[in-house]
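Numbering (UniProt numbering), first residue to last: 1 to 235.
Reviewing the structure listed below.
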Ligand SMILES: [Zn+2]
């Protein structure tokens, strides 16, 4: 399945702040060159929006592969992650060390193909403390949302101007055609299925989300929140 990344322009909110760009997630290893190239072309065309942050939904390898390259090319950027994801992205902890709540995860976890291949220096990281997610808002443009379950510190990011929730692997859209087909991510890759279900129910109850944008999605433009509500009712 494809793995999306998202680039957001964050306009300045006052005369004392300046505009910048945020990248959400950093792609599969097969995307590193094309992501780096597309990013540099875009930033050259929009010098008023320099890249300042990479927000990580979680540390699985297909969301983090370009980080070493990006930190080399843009040494000033900071990687924003949840406190509960910090051990996996900075300290080298493996997701297979987690106790999952499904037999499938427990059975397959040593074979996980999703382990992060990157280990960041702590100087390159900004940590969002547990409980502080919804208080963390970037210039009225992006709000942090806790959506743990898929991994212990999975985050989503709400693009406030469009009411779009970029939700990483909290959900996936398996539809090949236009009609969305939302589902939970595979149990083999999900540490806590019960937390993921609660997360989906919480997303479905939000009044500030009109669309969700899963990382694994064959379509473009997002999935209406009504589809999340339909799924939540079936869980
Ligand atoms: Zn994942």
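All C-beta atoms, glycine included, are put in the ideal place defined by N, C-alpha and C.
Since this is a predicted model, take the numbers as computed values, not measurements.
Can the beta-carbon of residue 56 be found less than 8 Å from the beta-carbon of residue 25? The answer is yes: Cβ separation under 8 Å.
Could you round the C-beta distance between residue 45 and residue 54 to whole angstroms and report it? I think they count as a contact, below 8 Å. 19 Å between Cβ atoms; not a contact.
Which residues, in chain order, sit with a beta-carbon under 6 Å away from any heavy atom of ligand 1? 58, 60, 114, 150, 169 and 189
Between the beta-carbon of residue 127 and the beta-carbon of residue 134, is there less than 8 Å? Between residue 127 and residue 134, the C-beta gap is not smaller than 8 Å, which leaves the two residues out of contact.
With DSSP collapsed to three states, give me the class of residue 214. strand
Just to confirm before moving on: does the CB-CB distance between residue 5 and residue 23 stay below 8 Å? yes
For a test of the three-state rule: what should DSSP assign to residue 9, helix, strand or coil? strand
In chain order, what are the residue ranges of uninterrupted alpha helix (DSSP H) at least 4 long that sit wholly in the region 2–82? Here the runs fully enclosed are 32–45 and 67–73.
So, under 8 Å CB-CB, residue 197 and residue 165 are touching, yes? Tell me the CB distance rounded to an integer number of Å. Actually they do not touch by this definition, with Cβ atoms about 17 Å apart.
For residue 98, name the three-state secondary structure that DSSP assigns. coil
Separation of residue 65 from residue 110, as counted between CA atoms: 20 Å
6 Å Cβ shell around residue 32 - same chain, five flanking residues per side excluded: 65, 66 and 69
Beta carbon of residue 228, beta carbon of residue 193: below 8 Å? no
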